[in-house]
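A.B. asks:
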Amino acid sequence: MGNYYQQEIETMPVEQLQALQSERLVEQVKFVYDNVEFYRRKMDEAGVKPEDIKGIEDLHKLPFITKDDLRDQYPYGLLGVPLKDCVRIQSTSGTTGRRVVAFYTQEDIEVWEDCCARAIVAAGGTKDDVCHVCYGYGLFTGGPGLNGGSHKVGCLTLPMSSGNTERQLQFMTDLGSTIICCTPSYAANLGEAIAERGLKDKIKLKAGIFGAEPWTEEMRHNIEETLGIKAYDIYGLTEISGPGVSFECEEQAGMHIQEDHFIPEIINPETGEVLPEGEVGELVFTCITKKAFPLLRYRTRDLCFLTRKPCSCGRTHIRMHKPTGRSDDMLIVKGVNVFPSQIETVLLNLGYQANYQIIVDRVGNNDTCEVQVELTPEMAEANDVSIEAREQKIVKDLKSMLGIKVGVKVLEPKTIARSEGKAVRVIDKRNLYK
Ligand code: DLL
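Under the working numbering, read the sequence shown as residues 37 to 470, first letter to last.
#1: Could you check whether Glu424 and Lys445 sit closer than 8 Å to each other, using their CB atoms as the reference points?
#2: Helix, strand or coil for Met48, going by three-state DSSP, please let me know.
#3: Using the three-state DSSP reduction, which class does Ile299 fall into: helix, strand or coil?
#4: Determine the contact status of Ala390 and Ala248, defining contact as a CB-CB distance below 8 Å.
#5: List the endpoints of the continuous alpha helix (DSSP H) containing Gly178.
#6: Can you tell me whether DSSP reads Glu410 as helix, strand or coil?
#7: Excluding the five sequence neighbours on either side, which residues of its own chain have a C-beta within less than 6 Å of the C-beta of Lys470, listed in chain order?
#8: Quick one: grab the DSSP three-state call for Gln428.
#9: Between the stretch 442–461 and the stretch 205–222, do three or more beta carbon pairs fall short of 8 Å?
#10: Would the C-beta of Thr177 count as close to ligand 1, meaning under 7 Å from any of its heavy atoms?
#11: Could you check what DSSP says for Arg333 in three-state terms: helix, strand or coil?
#12: Buried or exposed for Arg344, going by 16 or more other Cβ atoms inside 10 Å?
#13: Rounding to the nearest angstrom, what Cα-Cα distance links Lys266 and Ala153 in this structure?
#14: Report all residues from its chain with a CB closer than 7 Å to the CB of Lys370; omit the five preceding and five following residues, and keep chain order.
#15: Assign Ser197 to one of two classes, buried (16 or more other C-beta atoms within 10 Å of its C-beta) or exposed (fewer than that).
#16: List, from N- to C-terminal side, the beta strand (DSSP E) runs of 3 residues or more that fit wholly inside the stretch 86–149.
#17: For Ile440, list the residues DSSP reports as bridge partners.
#18: Which stretch, first to last residue, makes up the beta strand (DSSP E) that contains Asn373?
#19: For ligand 1, I want to know if Leu384 counts as a neighbour, meaning its beta carbon is within less than 7 Å of at least one of the ligand's heavy atoms.
#20: Might you give, ordered along the chain, the residues of its own chain that have their beta carbon closer than 8 Å to the beta carbon of Phe207, omitting 5 neighbours on each side?
#21: Any contact between the stretch 277–292 and the stretch 75–93? By contact I mean 3 or more CB pairs, one from each, below 8 Å.
#22: Residues in the same chain with beta-carbon distance under 7 Å from Leu384, minus the five sequence neighbours each way, listed in chain order, please.
#23: Which residue or residues does DSSP assign as beta-bridge partners of Tyr268?
#24: Mapping the DSSP letters down to three states, classify Gly457 as helix, strand or coil.
#25: Measuring straight from C-alpha to C-alpha, what distance separates Gln204 and Leu211?
#26: What residues match up with Tyr392 in a beta bridge as DSSP calls it?
#27: Could you check what DSSP says for Asp338 in three-state terms: helix, strand or coil?
#28: Here's a check: name, in chain order, each residue in its chain whose Cβ is nearer than 7 Å to the Cβ of Ser377, leaving out the five neighbours to either side.
#29: Under 7 Å: does the beta carbon of Gly317 sit that close to some heavy atom of ligand 1?
#30: Is the CB-CB distance between Ile324 and Leu61 below 8 Å?
#31: Looking at Val316 and Glu301, is the spacing between their C-beta atoms short of 8 Å?
#32: Excluding sequence positions up to five away, which residues of its chain have a Cβ less than 6 Å from the Cβ of Thr322?
#33: Please identify the residue among Asp150, Pro346, Thr177, Asp365 whose C-alpha is closest to the C-alpha of Lys188.
#34: If you compare alpha carbons, which of Gln142, Glu380, Val374, His292 is closest to Gly272?
#35: Quick one: is the Cβ of Tyr271 within less than 7 Å of any heavy atom of ligand 1?
#36: Using beta-carbon positions only, say whether Thr274 and Val136 come within less than 8 Å of one another.
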C-alpha cells in the first residue's frame, strides 16, 4: 500500500468509479452540446443527441475529435465557457502548422494541479521534500503543472525551468533537492554532468518524475543508476491538461490514468474500432470534468495498451503501458515500420547511453536510415574494440530487432547536441523536399 494524495478517489472500488464516470459523462455531454457550437454540429452530423448518452457504455456513439479539428477551431472555437471565465492558456510545442492553444478556468487548473500532486505523492513526495522542477516554464505545460502539484503537496518548490546545467547543479547541491522533475533525456544529461564533476556524493535526490517524451526501460535503469534514484514515468498532453493525465506508482508497472477526470479508450487507428483491454492501439481520451477546453473522444495518436489488473499500490485506476511512440512518430523505412524506441532498446542493451540520433533521407526513390550513436566516455577510454567492429555489431542487432539493415555510425563522446527539454531523436530530411 502506498501513499495517496486523494485516497478515497484513488482507491475507489472500480464499480463506484465507473458509476462516477457515467454520471460525469452524461453531464459533460450535455454541457458541451449546449455550450459549444462545434460539438452540437458534430453530434448532429453523427445523429447523436445528448439523451442517447446514458453512461460510459454509450461512449462509443460519440464522434472522435482529432488534432486537425483543434487546429480548425483555433483559437476560440472549442471554448466551453465565456472567455472572461478563463484564467490561463498553455500551448503545445508543435513547430509545424498552427499551434494548439488550450484554455483553463481556475477550477480546471485546480484539477490539473491535483493530478500532478497525486503523481508527486505516488513518487514518495511529502512536505519534507525539496522538489526541483526543470521542465520548461511558459507555454509548455511541464513546468507550470508540476510546480502547481508540488505546492499542493507542500514541497519546497524550486521553479528552475530548463537549461543552465551549472545552475541546476548548484541549487541541487546547495538546497538538497530530493525530487527532480524533467524530461528523461535531460535527466540523463544531468547524470552525465554529475559524474563528470564528481558530484554524486553531494546529491540528495531520491526520486525523479520523468515524462513528456517516450523513454525505454533500459533508459530508466540507466538514469536510476547514474542519479541513484527511483525513476517514475508521468504522461500527459497539453490538449487534455498537461502532465499528470497518468502517472506511475511505486510498482513502476504502467501509469494509472486519473479516471475520475479522463476516460481512456484504445482504438484501431485505421478503423476507429474500440479494442479490448490489453491490445495495442491509439489512446483516446474523453475529459469529463474540464470546462474551458472540453474534449470528447480526443485521438492522441499515442500508441499503448491498457490493463485493469489489480495493482499492489492499492490504486484502482486503470493503467496504461508506456507509449512506445506516436503513430505519427513511426518511421516507415524501406516499407518497414520503425519506432525510435526499438532503436533505443538495442543501443542501451549494448551499453551505449541515450545519446543517439536517427537520420532518415531519400536518395532517388529509396529511403535511407542511419543511426548515429556516441561512444560512452568509458568506451572511448578503454578503446578495446574498433569502431568498425562496434558498428557491425549494432547493424546486426538492429537487423534482428527491425528486420531491415540500417546504417550505423559510432561517434566520439559529446558530438550529438544535448537536449534540455524534449530530445530530438529523428531528423527526417525527406520533409525538406516537401
Ligand atoms: O509533454 C506534457 C507533459 C509534460 C507530460 C511533462 C509529462 C511531463 P505536450 O508537449 O502536449 O505535453 O506533448 C504531449 O508527449 O502525446 C506523447 O506523445 C508525449 N508524451 C508525454 N508524456 C510521455 C511519456 C507534454 N511519459 C505528447 N511517455 C504526448 C511517452 C510521452 N510519451
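Every residue gets a Cβ at the ideal spot worked out from N, C-alpha and C, and that includes glycine.
C.D. replies: Walking through what the data contain:
#1: Position 409 of the sequence shown, counted from the start, is the residue given in the question as residue 445. Position 388 of the sequence shown, counted from the start, is the residue given in the question as residue 424. Their beta carbons are not under 8 Å apart, which means Lys445 does not touch Glu424 by this criterion.
#2: Walking along the sequence shown from the start, residue 48 turns up at place 12. In this structure, Met48 counts as coil in the three-state DSSP scheme.
#3: One-based indexing of the sequence shown puts residue 299 at position 263. Three-state DSSP puts Ile299 in a strand.
#4: The residue labelled residue 390 in the question sits at position 354 within the sequence shown. The residue labelled residue 248 in the question sits at position 212 within the sequence shown. Result no, Cβ atoms of Ala390 and Ala248 do not sit closer than 8 Å.
#5: As a working mapping, residue 178 is identified with position 142 in the sequence shown. Here the alpha helix (DSSP H) through Gly178 covers 178–189.
#6: Here residue 410 is taken as the residue at index 374 of the sequence shown, counted from 1. Residue state, collapsed to three classes: strand.
#7: Translated into the one-based positions of the sequence shown, residue 470 becomes position 434. Below a pLDDT of 50, predicted positions are generally treated as unreliable, and Lys470, at 40, falls in that range; the measurement from the model is reported next regardless. If we look at Lys470 and ignore the five residues flanking it on each side, it has no Cβ neighbours.
#8: Along the sequence shown, read from residue 1 onward, the residue named residue 428 stands at position 392. It is helical.
#9: yes
#10: As a position in the sequence shown, residue 177 is number 141, starting the count at 1. Flag set: Cβ of Thr177 near ligand 1.
#11: Numbered from 1 along the sequence shown, position 297 holds the residue referred to as residue 333. Arg333 falls in the coil class under three-state DSSP.
#12: The count along the sequence shown starts at 1 and reaches residue 344 at position 308. Label assigned to Arg344: exposed.
#13: Counted from its first residue, the sequence shown places residue 266 at position 230. Counted from its first residue, the sequence shown places residue 153 at position 117. Each residue's Cα considered, the two are about 17 Å apart.
#14: Here residue 370 refers to the residue found at position 334 of the sequence shown. Around Lys370: Asp403, Ile440.
#15: Position 161 of the sequence shown holds residue 197. When all chains shown are included, Ser197 counts as buried.
#16: 124–127, 137–140
#17: Locating residue 440 in the sequence shown gives position 404, where the first residue counts as 1. According to DSSP, Ile440 bridges with nothing at all.
#18: Numbered from its first residue, the sequence shown carries residue 373 at position 337. Residues 372–374.
#19: Residue numbering aside, residue 384 sits at position 348 when the sequence shown is read from its first letter. No, since every heavy atom of ligand 1 falls outside the 7 Å radius drawn around the Cβ of Leu384.
#20: Counted from its first residue, the sequence shown places residue 207 at position 171. For Phe207, where only same-chain residues beyond five positions count, the Cβ hits under 8 Å are His168, Leu194, Met196, Ser213.
#21: no
#22: For the purposes of this step, residue 384 is taken as residue 348 along the sequence shown, with counting starting at 1. Cβ within range, chain order: Thr252, Glu254, Met255, Asn258, Ala390.
#23: Taking the sequence shown and counting its residues from 1, one reaches residue 268 at position 232. According to DSSP, Tyr268 bridges with Ile245.
#24: Here residue 457 corresponds to residue number 421 of the sequence shown, with the count starting at 1. Of the three classes helix, strand and coil, the one that applies to Gly457 here is coil, per DSSP.
#25: The sequence position of residue 204 within the sequence shown is 168, counting from 1. The sequence position of residue 211 within the sequence shown is 175, counting from 1. Answer to the nearest angstrom: the Cα atoms are 11 Å apart.
#26: Within the sequence shown, numbered from 1, the residue matching residue 392 stands at position 356. Val409, per the DSSP bridge assignment.
#27: For the purposes of this step, residue 338 is taken as the residue at position 302 of the sequence shown. Three-state DSSP puts Asp338 in a strand.
#28: On the sequence shown, position 341 is the one that residue 377 refers to. Result list for Ser377: Pro250, Thr252, Thr360, Gly361, in chain order.
#29: Sequence index remark: in the sequence shown, residue 317 carries index 281 (1-based). Outside the cutoff, so no.
#30: As a first step, residue 324 is located in the sequence shown; it is residue number 288 there, counting from the start. As a first step, residue 61 is located in the sequence shown; it is residue number 25 there, counting from the start. Going by C-beta atoms, Ile324 is nearer than 8 Å to Leu61.
#31: Mapped onto the sequence shown, residue 301 falls at position 265. Mapped onto the sequence shown, residue 316 falls at position 280. In this structure, Val316 does not lie closer than 8 Å to Glu301 by Cβ.
#32: Along the sequence shown, one-based indexing puts residue 322 at 286. Closer than 6 Å at Cβ, skipping near neighbours: Ile299, Leu332, Arg333.
#33: Numbered from 1 along the sequence shown, position 152 holds the residue referred to as residue 188. Here the closest residue by C-alpha is Asp150.
#34: Your numbering for residue 272 matches position 236 in the sequence shown. Nearest option by C-alpha distance: His292.
#35: As a working mapping, residue 271 is identified with position 235 in the sequence shown. Yes, the Cβ of Tyr271 comes within 7 Å of a heavy atom of ligand 1.
#36: Working through the sequence shown from its first residue, we reach residue 274 at position 238. Working through the sequence shown from its first residue, we reach residue 136 at position 100. Yes.
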